[in-house]
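Asker: Chains as they are written, first to last, in the numbering used here: chain A, 55 to 304; chain B, 870 to 1151.
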Ligand SMILES: Nc1ncnc2c1ncn2[C@@H]1O[C@H](COP(=O)(O)OP(=O)(O)O)[C@@H](O)[C@H]1O
Ligand SMILES: [Mg+2]
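(1) Would you say residue 1055 (chain B) faces chain A, with C-beta separation under 8 Å as the test?
(2) What three-state label does DSSP hand residue 80 (chain A) in the structure shown?
(3) Please identify the residue among B:1138, B:1113 and B:1074 whose C-alpha is closest to the C-alpha of residue 1125 (chain B).
(4) What do you reckon, are the CB atoms on residue 263 (chain A) and residue 300 (chain A) nearer than 8 Å?
(5) What does residue 169 (chain A) reach in chain B if we use C-beta pairs closer than 7 Å?
(6) Excluding five sequence neighbours on each side, which residues of the same chain lie with their C-beta closer than 8 Å to the C-beta of residue 1049 (chain B)?
(7) Would you call the region 100-107 of chain A in contact with the region 147-166 of chain A, where contact means no fewer than 3 C-beta pairs closer than 8 Å?
(8) Against chain B, does residue 172 (chain A) count as a neighbour if the rule is that its beta carbon must be under 8 Å from one of theirs?
(9) For ligand 2, is there any heavy atom lying closer than 7 Å to the beta carbon of residue 105 (chain A)?
(10) Compare the C-beta of residue 116 (chain A) against all C-beta atoms of chain B and say whether one is closer than 8 Å.
(11) If you draw a straight line from the C-alpha of residue 55 (chain A) to the C-alpha of residue 965 (chain B), how long is it?
(12) If you count every other CB in all the chains shown that lies within 10 Å of the CB of residue 267 (chain A), and 16 or more means buried, which is it?
(13) Between A:278, A:298, A:297 and A:269, which lies nearest to residue 62 (chain A) when the distance is taken from Cα to Cα?
(14) For residue 55 (chain A), which residues does DSSP report across the bridge?
(15) So residue 95 (chain A) is in the beta strand (DSSP E); what residue range does that whole segment cover?
(16) Any C-beta of chain B within less than 9 Å: which residues of the region 139-150 of chain A qualify?
(17) How many angstroms separate the CA atom of residue 1088 (chain B) from the CA atom of residue 1005 (chain B)?
(18) Would residue 357 (chain A) and residue 151 (chain A) qualify as a contact pair, given that the criterion is a beta-carbon distance under 8 Å?
(19) Out of A:218, A:236 and A:213, which one is the CA nearest neighbour of residue 137 (chain A)?
(20) Measuring CA to CA, which of B:948, B:1100 and B:1001 is closest to residue 1079 (chain B)?
(21) For chain A, check one thing: does any of its Cβ atoms lie closer than 8 Å to the Cβ of residue 1045 (chain B)?
(22) Compute the Euclidean distance between the alpha carbons of residue 265 (chain A) and residue 251 (chain A), then round it to the nearest angstrom.
(23) What did DSSP end up calling residue 245 (chain A) once you bin it into helix, strand or coil?
(24) If the cut is a Cβ gap below 9 Å, which residues of chain B does residue 160 (chain A) touch?
(25) Can you check DSSP and say which residues form a bridge with residue 119 (chain A)?
This is the structure:
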């Protein structure tokens, strides 16, 4: 379980910035609990604090106020329990697919590293490219590698920050299905940031709409539609419209 | 196992390495055309006595002079002494630059303490050290090597620090998420990220090393290619001066080619513009 309680985030040195009137309040009073095996999407307009919230959940950034806990333990920094996928693949260009994935396993014995790498890369369908360098990969393949790197440790939590937003819509849909298939097998708890509402509807158990400056959670929508969800199904379309309406700032 | 991907791209090594080698040696040969034509024009002009031989002797005469020196064994000694000076000066300068650059690049405190001083020293034109070095160490090897080391130091230091500070923060974040140790962060992220800029610095440093060895040898030496040039000037033998000049060019080019080959190997992961050009030409 991921518990975020009353989290606020102010960028910059609060004391100095307050005087100069430069306080940048990115998040305020965010409460969010994500249950085991759940898929939760965060949607919201650009700049409302989605990435900030996800980085705080991952331990990459610390909240200014409030607490974050994973299965009851306070988060103070990145841990192997949490896998993270960014908007960009963020692969080391000097390492092959295999060695990029190995980065998440460096503290394990070599034989175990190799076995896990082979499996994780097969899971994302890249076995043929295991020795390729990032420059030889398409955008979709690079992002698959990033997913393999995040999942190779078999984390209980997977956090994704607009992971497919840079891909064409065909590749994006493929990767969405692929991610769901991996989730059905491993059942990691997933928090998925997106600004593609249809993507949120087709993947999530729950959708949180964020709004404002500082960002707050504005609405929570449960998605009861059984999977697999056809993108054209009327109930999917209806939900999409409802969320788009909730996002609208006017 | 799940969805078979439709994306297909070239796997490493799909392009024949033999073909690649042929392409690159052909492009090297192209580089020889201009010097050969120039040499031919020069030879013809000299034979036609368009230029007085005591100013500009014919290439054939330069070659004859060089081979006479080589036969006596004298030439090899001059080359060896000069190469040795560059090598030691380069090693000292590059070593110091790497150590200091790594320190100031990786620690903010050390950077704030040391970098302003290093930048201020950089502002002193390197040749301005010569009188001081001669006063301290005489005109013997120490002052020569030190002068070369100083010339080599700055481009390497500056490129290394720029490279370290320019490392993509996003990749460092990945290292944090993956729980890399400090050692693995340096070995697997920071060093490779810094390498392109560091190698550029090494090549620039080496070029300056060759420049400064001439300065060092002109300021007084009894051996070395620089000495040979002075000797040629004193004894009125322009063929010797030009011969030494050509040898400097060849030695500089050869040592740079070594570093370039090492760079290409070390940076084969790069997705550069040069590579696409080569593919098109092929
Ligand atoms: N490192 C930072 N320093 C200062 N301000 C930041 C920083 N990161 C994000 N912000 C600000 O916080 C707000 C939320 O940003 P972000 O979480 O990236 O939004 P989103 O991901 O929803 O587009 C934005 O206004 C942004 O400018
Ligand atoms: Mg964002």
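Even glycine gets a Cβ: it sits at the ideal position worked out from N, Cα and C.
Answerer: Answer, in terms of the structure:
(1) Among the CB atoms of chain A, none fall inside 8 Å of the CB of residue 1055 (chain B).
(2) strand
(3) B:1074
(4) yes
(5) From the beta-carbon of residue 169 (chain A), no residue of chain B is found nearer than 7 Å; the closest lies around 15 Å away.
(6) 1057 and 1058
(7) no
(8) no
(9) yes
(10) no
(11) 52 Å
(12) exposed
(13) A:269
(14) Paired residues: none, contrary to the question.
(15) 93-98
(16) Result list: 140, 142, 144, 145, 146, 147, 148, 149 and 150.
(17) 15 Å
(18) This structure cannot speak to residue 357 (chain A), because chain A is shown only from 55 to 304.
(19) A:213
(20) B:948
(21) Judged by the 8 Å Cβ criterion, residue 1045 (chain B) is in contact with chain A.
(22) 14 Å
(23) strand
(24) Correct list: 1047, 1048, 1049, 1050, 1053 and 1057.
(25) A:62
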